[in-house]
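J.: Just remember that this note's numbering sits 7 ahead of the position in the sequence shown, which is counted from 1. All C-beta atoms, glycine included, are put in the ideal place defined by N, C-alpha and C. From a predicted model like this one, the values you see are computed outputs, not experimental measurements.
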Amino acid sequence: MSGMFDGKVALVTGAGGGIGRATALAFAREGARVVVSDLAGAGGEETARLVTEAGGGALHAACDVTRPAEVEALVAAAVAAFGRLDCAHNNAGVEGAWARTADCDEENFDRTCAVNLKGVYLCLKAEIAHMLDAGGGAIVNTASVAGVEGAKNLPAYVASKHGVMGLTRTAALEYATRGIRVNAVCPGPIRTRMLEAIMEENPRMEPAMIDAVPMRRLGAPEEIAEAVVWLCSDRASYVTGQGLVVDGGFTAGS
């Protein structure tokens, strides 16, 4: 432990498992007190327990990031509990249904964009307001390699993640002189519960996906967490408005 975040407070949404849980644990390892949020309360509670068992300070608060009042209450709870908010990882997201663009129904499109894009927007609004009062902070949004290039059969997901990149760059420009840095992390194929479930339905997907990655393996949530923690740290003090691609070389030839 280097203590990069000693005395600081970090908020992680979508922290009930996968990348969010790994990031919460990584923040705690570096000395931060962590506000753990997830729509599924049980997963968030488990993450908070793991943070506490690892010697960190944790607060669990369930939140639906598509609801403005819940997002505002989440950020307010973080400040009320720990007195400040220094870092945030806006990670909550869904993949949505697989379908070609002409077959993607409106309900799927609206739901996917509501969570992945509007959810990030609402979190940014609430987090930035508190960080301005505190004199600064660092925010990382979870985008995707699908936020920097296209992907067949996921029109809603791709649209939402491209939107996340647009929001990230816009907010970074707006608050660059106010002490707030805003970046995104763009994961490639990562072995999460979501991906595992998809691969179970289509056994041929995993070998094909691995073959498409130059490093010939899927990534681990912890590898994305390390990127998030670095982007939030003072070691990335001159980095803002960027999408850090962590994909084993998946997009290197694009």
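1) Kindly list the residues whose CB is nearer than 6 Å to the CB of G38, restricted to its own chain and excluding five residues on each side of it in sequence; keep chain order.
2) Please identify the residue among A61, I26, A35 whose C-alpha is closest to the C-alpha of D45.
3) On the DSSP letters alone, give me the boundaries of the alpha helix (DSSP H) that N331 sits inside.
4) Nearest to V147 by alpha carbon, out of A69, A243, T199?
5) CA-CA distance, D241 and P210?
6) According to DSSP, is T119 part of a helix, a strand, or is it coil?
7) Can you check which of these residues, G142, D140, V16, V101, is closest to V127 by C-alpha distance?
8) Check the C-beta distance from V252 over to V152 and give it rounded, since I have them as a contact under 8 Å.
9) State the Cα-Cα distance for the pair A234 and E114, rounded to the nearest angstrom.
10) Is L174 closer than 8 Å to W105 when the C-beta atoms are compared?
11) In three-state terms, what does DSSP make of T149?
12) Between P228, L180, R185, W237, which has its C-alpha nearest L202's C-alpha?
13) Assign E134 to buried or exposed, taking buried as 16 or more other Cβ atoms, counted over all protein chains shown, within 10 Å of its Cβ.
14) Just how far apart, CA to CA, sit C70 and D93?
15) For a test of the three-state rule: what should DSSP assign to L46, helix, strand or coil?
16) How far does the beta strand (DSSP E) with V16 in it extend, from its first residue to its last?
17) Does the Cβ of L180 have 16 or more other Cβ atoms within 10 Å, making it buried, or fewer, making it exposed?
18) Exposed or buried, P221, counting other C-beta atoms within 10 Å across all chains shown (16 or more means buried)?
19) In chain order, what residues of the same chain have a beta carbon less than 6 Å from the beta carbon of F263, not counting five sequence neighbours either side?
20) Give the range of the alpha helix (DSSP H) segment to which L225 is assigned.
21) Could you check what DSSP says for G250 in three-state terms: helix, strand or coil?
22) Which first and last residues belong to the alpha helix (DSSP H) in which C94 is found?
23) On a Cα-Cα basis, can you pick out the residue from I205, A204, N190, P196 that is closest to D218?
24) Please confirm if A104 has its CB atom under 8 Å from at least one CB of chain E.
25) Since G250 and A150 should fall inside the 8 Å C-beta cutoff, what is the C-beta to C-beta distance between them, to a whole number of angstroms?
T.: According to the structure data:
1) G10, F12, D13
2) I26
3) In the structure as shown, the chain begins at 8 and stops at 261. Residue 331 is therefore absent and cannot be evaluated.
4) A243
5) 42 Å
6) helix
7) Ranked by Cα distance from V127, the options G142, D140, V16, V101 are led by V101.
8) That pair is a contact at about 6 Å.
9) 33 Å
10) no
11) Collapsing the DSSP output to three states places T149 in a strand.
12) When P228, L180, R185, W237 are compared, the shortest CA-CA separation from L202 is found for P228.
13) buried
14) 19 Å
15) Shown here, L46 sits in coil according to DSSP, grouped into three states, outside any helix or strand.
16) 16–19
17) exposed
18) exposed
19) The chain is shown from 8 up to 261; residue 263 falls before or after that span and cannot be answered.
20) Counting along the chain, no alpha helix (DSSP H) covers L225, and no H or E run does either.
21) strand
22) C94 -> not in any alpha helix (DSSP H); beta strand (DSSP E) instead, spanning 94–97.
23) P196
24) Looking at the structure shown, chain E is missing, and only one protein chain is on hand.
25) 6 Å
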